[in-house]
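J.: Under my numbering, the residues of the sequence shown are numbered 52 to 445, in order.
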Amino acid sequence: MKTQITGNDLIALGFRQGKWMKDAIQYINTNTLSQVELSNYLEQFKSPDPIGLHTKSVDFAINIKAENELEKDNVFKVVNSMQTLMKTPTLVGGAIMPDACPTGPDGIIPVGGVAVAKNAIHPGMHSADICCSVMLTDFGKADPKAILDAAHANTHFGPGGRDRDSQFRFPKELLDAFEANVFLKDKQMIQIARTHLGTQGDGNHFLFVGKSKKTGNTMMITHHGSRGPGARLYDKGMKVAERFRKELSPETMKQNAWIPFKTEEGQDYWNALQTIRDWTKLNHEVLHNTVAETLEIIIENRYWNEHNFVFKDGDLFYHAKGATPLDAKFMPDITGPRLIPLNMSEPVLIVEGDTTVTNLGFAPHGAGRNVSRTQHRRGKTGTTMQIFKEETRG
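1. Give me the DSSP bridge partner(s) of residue 364.
2. Closer than 8 angstroms is the cut-off here; do at least three beta carbon pairs connect the segment 210-223 with the segment 313-325?
3. Where does residue 82 land, buried or exposed, given buried means 16+ other C-beta within 10 angstroms?
4. Let me know the alpha helix (DSSP H) ranges lying completely inside the segment 77-129, each 4 residues or longer, listed in chain order.
5. Taking the C-alpha atoms as reference points, what is the distance between residue 342 and residue 103?
6. Which class does residue 163 belong to by DSSP, given the choice of helix, strand or coil?
7. Which residues in the same chain as residue 67 place their Cβ atom closer than 7 angstroms to its Cβ, once the five residues preceding and following it in sequence are excluded?
8. Mark residue 417 as exposed unless 16 or more other C-beta atoms lie within 10 angstroms of its C-beta, in which case mark it buried.
9. So what does residue 188 bridge to, in DSSP terms?
10. For the beta strand (DSSP E) holding residue 400, just list the boundary residues, first then last.
11. Is the segment 358-374 close to the segment 162-169, with three or more CB pairs under 8 angstroms?
12. Can you tell me whether residue 150 is helix, strand or coil according to DSSP?
13. When the Cα atoms are used, what is the spatial distance from residue 358 to residue 100?
14. Check whether the segment 344-355 and the segment 178-191 are in contact - that is, three or more C-beta pairs closer than 8 angstroms.
15. In this structure, how does DSSP classify residue 385 when only helix, strand and coil are distinguished?
16. Taking DSSP as the reference, what is the three-state secondary structure of residue 359?
17. Here's the rule I'm using: 16 or more other beta-carbon atoms within 10 Å means buried, otherwise exposed. How should residue 149 be labelled?
18. So for residue 390, helix, strand or coil by DSSP?
19. Near residue 88, which residues of its chain fall below 7 angstroms by C-beta distance, leaving aside the five closest residues on each side in sequence?
20. Express the C-alpha separation of residue 77 and residue 393 in angstroms, rounding to a whole number.
21. Using the C-alpha atoms, what's the distance from residue 136 back to residue 305?
22. Would you report the Cα separation of residue 232 and residue 282, rounded to the nearest angstrom?
23. What did DSSP end up calling residue 193 once you bin it into helix, strand or coil?
24. Buried or exposed: residue 210, going by 16 or more other Cβ atoms within 10 Å of its Cβ?
25. With a threshold of 8 angstroms, are at least 3 pairs of Cβ atoms found where one atom belongs to the segment 307-318 and the other to the segment 243-261?
26. Excluding five sequence neighbours on each side, which residues of the same chain lie with their C-beta closer than 6 angstroms to the C-beta of residue 144?
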């Protein structure tokens with residue numbers, strides 16, 4: 052009796068597990084193949100030769116400079132980490148924002164870093180806080196205290212999600228998108244997406260109410276990311292990327308592993324990112340809309356942008372970790388200027404800008420440096436806008 056080939060046999064021969072195995076095993080076991088015929092048939096499923104690191108770092112723009120001894124250490128660590136990162140074989144360009152700071156071991160993309168990959172998505176380069184973003188709603192001449200009181204009554208900070216009685220409606224089209232994606236369709240993911248909708252988490256996330264210096268209108272701003280759903284997608288993406296890393300480029304750091312865009316996994320992950328982006332935008336909107344509905348106020352304007360995400364332009368994928376997209380090509384749903392939050396005692400900047408060779412179409416996101424923003428500003432001269440213009444000059 053002929054010995055049946057199994058998936059374990061193919062893995063033992065060095066082949067990567069995949070959907071192709073089922074059909075291949077059936078073909079092999081239903082045909083009488085010689086060793087030569089078997090070898091020739093399996094040739095089409097062989098993995099390519101390992102891809103090595105770049106021998107030297109790909110060029111990247113450095114938009115940061117040290118102005119005191121404390122900042123020298125920060126800049127040194129940021130540049131060194133970026134130099135190691137830019138040896139990753141998929142990368143073709145990058146940039147460091149003026150407020151960049153290191154995060155983790157050498158070779159990890161810094162906060163305030165942009166890394167451009169060709170036909171590859173690196174989950175570790177957008178981080179676990181996928182689509183961390185800022186939304187501003189203009190409530191006209193509304194009383195700031197009334198806005199703040201309504202916002203506090205409706206938002207949710209801290210770990211976990213909302214009780215069933217206080218959950219927001221989960222749109223059917225968004226539920227359909229979750230259920231249609233292999234990365235998002237498990238029951239626990241969807242349950243977390245339901246309970247975390249309308250929550251802000253913790254860390255440096257905030258809800259802010261203030262008046263526009265230009266118009267005097269009352270503005271509400273929220274800053275948070277994709278919460279539990281984004282964190283779960285990140286974990287799943289890193290596991291898939293690690294499988295590809297072992298096969299394609301064992302030399303690449305685990306944190307810099309990638310999912311090839313032109314694979315089924317790459318397409319699914321890209322689509323999952325877009326769905327998480329939609330969820331995160333809605334996560335802001337439900338809070339802002341509830342305030343308007345509670346006070347029966349007409350919304351005059353709204354701006355929104357993320358600063359932790361992957362942006363696609365042709366076959367190039369711009370991984371922004373703490374970098375605000377300026378170029379409209381990165382945001383198909385853009386409605387106006389971009390938002391750069393500082394902190395609860397400093398202004399939120401509303402900005403527009405042009406793409407340059409050095410900024411790659413991005414601006415800082417308002418965090419970073421290994422000194423506080425207040426301490427940093429005390430060491431500068433000029434107004435907030437003059438300092439911003441100086442530090443973000445292309």
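Even for Gly, the Cβ is constructed at its ideal location relative to N, Cα and C.
T.: With the given structure in hand:
1. Translated into positions along the sequence shown, residue 364 becomes position 313. The partner list for residue 364 (beta bridge, DSSP) reads 367.
2. no
3. The count along the sequence shown starts at 1 and reaches residue 82 at position 31. Result: exposed.
4. 86-93
5. For this step, residue 342 is matched to residue 291 along the sequence shown. For this step, residue 103 is matched to residue 52 along the sequence shown. The alpha-carbon atoms of residue 342 and residue 103 are separated by roughly 53 angstroms.
6. Position 112 of the sequence shown, counting from 1, holds the residue named residue 163. Strand, per DSSP.
7. Here residue 67 corresponds to residue number 16 of the sequence shown, with the count starting at 1. So the list reads 98, 298, once near-sequence residues are dropped.
8. As a first step, residue 417 is located in the sequence shown; it is residue number 366 there, counting from the start. Looking at its Cβ environment, which holds 16 or more other Cβ atoms inside 10 Å, residue 417 is buried.
9. Here residue 188 corresponds to residue number 137 of the sequence shown, with the count starting at 1. Per DSSP, 271, 353.
10. Along the sequence shown, read from residue 1 onward, the residue named residue 400 stands at position 349. Where residue 400 is concerned, the enclosing beta strand (DSSP E) stretches over 400-402.
11. yes
12. Against the sequence shown, residue 150 aligns to sequence position 99. DSSP places residue 150 in strand when its eight states are reduced to three.
13. Taking the first residue of the sequence shown as 1, we reach residue 358 at position 307. Taking the first residue of the sequence shown as 1, we reach residue 100 at position 49. Roughly 36 angstroms between the two C-alpha positions.
14. yes
15. What you label residue 385 is simply residue 334 of the sequence shown in a count that begins at 1. Of the three classes helix, strand and coil, the one that applies to residue 385 here is coil, per DSSP.
16. Here residue 359 is taken as the residue at index 308 of the sequence shown, counted from 1. In this structure, residue 359 counts as strand in the three-state DSSP scheme.
17. In the sequence shown, counting from the first residue as 1, residue 149 sits at position 98. Classification of residue 149: buried, given that the 10 Å Cβ count is 16 or more.
18. On the sequence shown, residue 390 is found 339 positions in, with the first residue counted as 1. Of the three classes helix, strand and coil, the one that applies to residue 390 here is strand, per DSSP.
19. For this step, residue 88 is matched to residue 37 along the sequence shown. Cβ within range, chain order: n/a, list empty.
20. Taking the first residue of the sequence shown as position 1, residue 393 is located at position 342. Taking the first residue of the sequence shown as position 1, residue 77 is located at position 26. Answer to the nearest angstrom: the Cα atoms are 60 angstroms apart.
21. In the sequence shown, counting from the first residue as 1, residue 305 sits at position 254. In the sequence shown, counting from the first residue as 1, residue 136 sits at position 85. Each residue's Cα considered, the two are about 11 angstroms apart.
22. By 1-based counting over the sequence shown, the position of residue 232 is 181. By 1-based counting over the sequence shown, the position of residue 282 is 231. Taking the straight line from one Cα to the other gives about 16 angstroms.
23. Position 142 of the sequence shown, counting from 1, holds the residue named residue 193. If DSSP states are grouped into helix, strand and coil, residue 193 belongs with coil.
24. By one-based count along the sequence shown, residue 210 stands at place 159. Exposed, since its Cβ has fewer than 16 Cβ neighbours within 10 Å.
25. no
26. Taking the first residue of the sequence shown as 1, we reach residue 144 at position 93. Closer than 6 angstroms at the Cβ level, and outside the excluded window around residue 144, lie 167.
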